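Asks:
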Amino acid sequence: MQKQTADGFAWRVDLRLRPDPGATAICVSVQAAITYYESIARSWERAVYLRARPIGGNIMLGEMFLKAISPFIWRRQLDYSLIDDLTNWITHKPLSDSGFGFDVKRGAYAIRHIEMTTHILQLLHGGRDKSLRHHSTFTSLSSLEKAAYLAPQQSVLISRCYNEWRTIEHRLQYCRDSHLYSLPTNHEEMMNFARFMGFEDSSDLLTYLRELQEKT
553 MQKQTADGFA WRVDLRLRPD PGATAICVSV QAAITYYESI ARSWERAVYL RARPIGGNIM
613 LGEMFLKAIS PFIWRRQLDY SLIDDLTNWI THKPLSDSGF GFDVKRGAYA IRHIEMTTHI
673 LQLLHGGRDK SLRHHSTFTS LSSLEKAAYL APQQSVLISR CYNEWRTIEH RLQYCRDSHL
733 YSLPTNHEEM MNFARFMGFE DSSDLLTYLR ELQEKT
């Protein structure tokens with residue numbers, strides 16, 4: 553399902569996102585999965601399930617499973633350990649003067665920074681406040697602002713930045729037909745990508761990226 557072919561790939565399936573991927577089969581029983589999430593699962597797996605929803609197969613079974621592990625995802629006590637656990641996923645790799653190879657997912661104040669900040673606030677307070685339990689990052693940001701966990705109008709600004717980072721990501725992947733997040737690594741390719749993004753040259757693209765980081 554995730555093999556790259558001459559025609560690209562249809563669906564990207566990350567098989568690492570199953571219970572204990574190094575030691576289990578691709579499919580495990582519902583009870584085995586529930587036991588895993590109730591016992592030894594980690595904070596990042598809580599964040600993964602913020603977006604989980606059944607989309608095929610036995611929908612009722614999928615909904616039952618998500619309901620069963622809901623106490624694992626949404627905890628009523630304030631678990632501040634998840635802050636360190638999830639911020640470890642934010643690498644903040646800097647944007648160089650040339651911009652070559654900048655990672656729009658893991659780079660400083662880019663996609664993952666926004667997602668992890670949102671997830672941390674959701675997981676900290678969503679156990680007591682059900683209004684924060686959303687799949688969508690945009691909806692979650694809006695709900696966090698309404699609940700006063702973000703400053704007024706902050707959700708609008710962050711959502712715009714997130715949308716712009718995602719647009720860059722999608723265009724990178726469109727150009728390369730691959731699930732990559734890094735900007736080109738030479739002048740010619742960077743210039744071509746800048747023009748594909750609607751800029752006159754790569755210097756304008758870099759200015760745009762720096763402004764986007766500052767807003768985020």
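This note's numbering applies: residue 553 is where the sequence shown begins, and numbers increase by one.
Built from N, CA and C at the ideal position, the CB exists for glycine as well.
None of the values given here were measured: they were computed from a predicted structure.
For D655, tell me which candidate among T669, T737 and D559 has the shortest Cα-Cα distance.
Replies: Locating residue 655 in the sequence shown gives position 103, counting from the first residue. Ranking T669, T737 and D559 by Cα distance to D655 puts T737 first.
Asks: Leaving out the 5 sequence neighbours to the left and right, which residues in its chain are closer than 8 Å to Y632 when beta-carbon positions are compared?
Replies: Locating residue 632 in the sequence shown gives position 80, counting from the first residue. L676, listed in sequence order.
Asks: Taking the runs of the alpha helix (DSSP H) that are 4 residues or longer, which of them lie wholly in the stretch 598-662?
Replies: Qualifying alpha helix (DSSP H) stretches, in chain order: 611-620, 622-625 and 633-639.
Asks: Using the rule of at least 16 other Cβ atoms within 10 Å of the residue's Cβ for burial, across every protein chain shown, is F745 buried or exposed?
Replies: The residue labelled residue 745 in the question sits at position 193 within the sequence shown. Buried.
Asks: Could you give the residue range of the alpha helix (DSSP H) that holds V708?
Replies: Translated into the one-based positions of the sequence shown, residue 708 becomes position 156. That run of the alpha helix (DSSP H) goes Q706 to R728.
Asks: Evaluate K657 with the Cβ neighbour count: other Cβ atoms within 10 Å of its Cβ, from every protein chain shown; 16 or more gives buried, anything less gives exposed.
Replies: The residue given as residue 657 occupies position 105 in the sequence shown. That one is buried.
Asks: Answer with buried or exposed for M616, where buried requires no fewer than 16 other C-beta atoms within 10 angstroms of its C-beta.
Replies: Within the sequence shown, the letter at position 64 stands for residue 616. Classification for M616: exposed.
Asks: Compute the Euclidean distance between the alpha carbons of H731 and Q725, then round it to the nearest angstrom.
Replies: Your numbering for residue 731 matches position 179 in the sequence shown. Your numbering for residue 725 matches position 173 in the sequence shown. If you take the alpha carbons of H731 and Q725, they lie about 6 Å apart.
Asks: Between S711 and the rest of its own chain, which residues show a CB-CB distance below 6 Å, the 5 nearest in sequence each way excluded?
Replies: What you label residue 711 is simply residue 159 of the sequence shown in a count that begins at 1. Hits under 6 Å: F690 and L693.
Asks: Can you tell me whether DSSP reads S581 as helix, strand or coil?
Replies: By one-based count along the sequence shown, residue 581 stands at place 29. Coil.
Asks: Can you give me the start and stop residues for the alpha helix (DSSP H) that A700 sits inside?
Replies: Working through the sequence shown from its first residue, we reach residue 700 at position 148. Premise fails: A700 is in no alpha helix (DSSP H) and is neither H nor E.
Asks: If you run the structure through DSSP and keep just helix, strand and coil, what is T737?
Replies: As a working mapping, residue 737 is identified with position 185 in the sequence shown. T737 falls in the coil class under three-state DSSP.
Asks: So T557 is in the alpha helix (DSSP H); what residue range does that whole segment cover?
Replies: Within the sequence shown, numbered from 1, the residue matching residue 557 stands at position 5. Neither: T557 is in no alpha helix (DSSP H) and is coded neither H nor E.
Asks: Do the stretch 569-576 and the stretch 642-653 meet, that is, are 3 or more Cβ pairs less than 8 Å apart?
Replies: No contact exists between the stretch 569-576 and the stretch 642-653.
Asks: Which two residues bound the contiguous alpha helix (DSSP H) that contains R762?
Replies: Working through the sequence shown from its first residue, we reach residue 762 at position 210. It spans S754 to K767 - the alpha helix (DSSP H) in which R762 sits, taken as one unbroken run.
Asks: Please report the Cβ distance between A599 and F624, rounded to the nearest whole angstrom; I am assuming they are in contact, meaning their Cβ atoms lie under 8 Å.
Replies: As a first step, residue 599 is located in the sequence shown; it is residue number 47 there, counting from the start. As a first step, residue 624 is located in the sequence shown; it is residue number 72 there, counting from the start. Rounded, the Cβ-Cβ distance is 12 Å, inconsistent with contact.
Asks: Determine the closest residue to L764 out of S695, S755 and A662, with distance taken between C-alpha atoms.
Replies: Counted from its first residue, the sequence shown places residue 764 at position 212. It is A662.
Asks: If I'm right that I635 touches I672 with Cβ under 8 Å, what's the distance once you round it to whole angstroms?
Replies: For this step, residue 635 is matched to residue 83 along the sequence shown. For this step, residue 672 is matched to residue 120 along the sequence shown. The pair is a contact, with the Cβ atoms about 6 Å apart (cut-off 8 Å).
Asks: With DSSP as the reference, label S688 as helix, strand or coil.
Replies: Residue 688 sits at position 136 when you count from the first residue of the sequence shown. S688 falls in the coil class under three-state DSSP.
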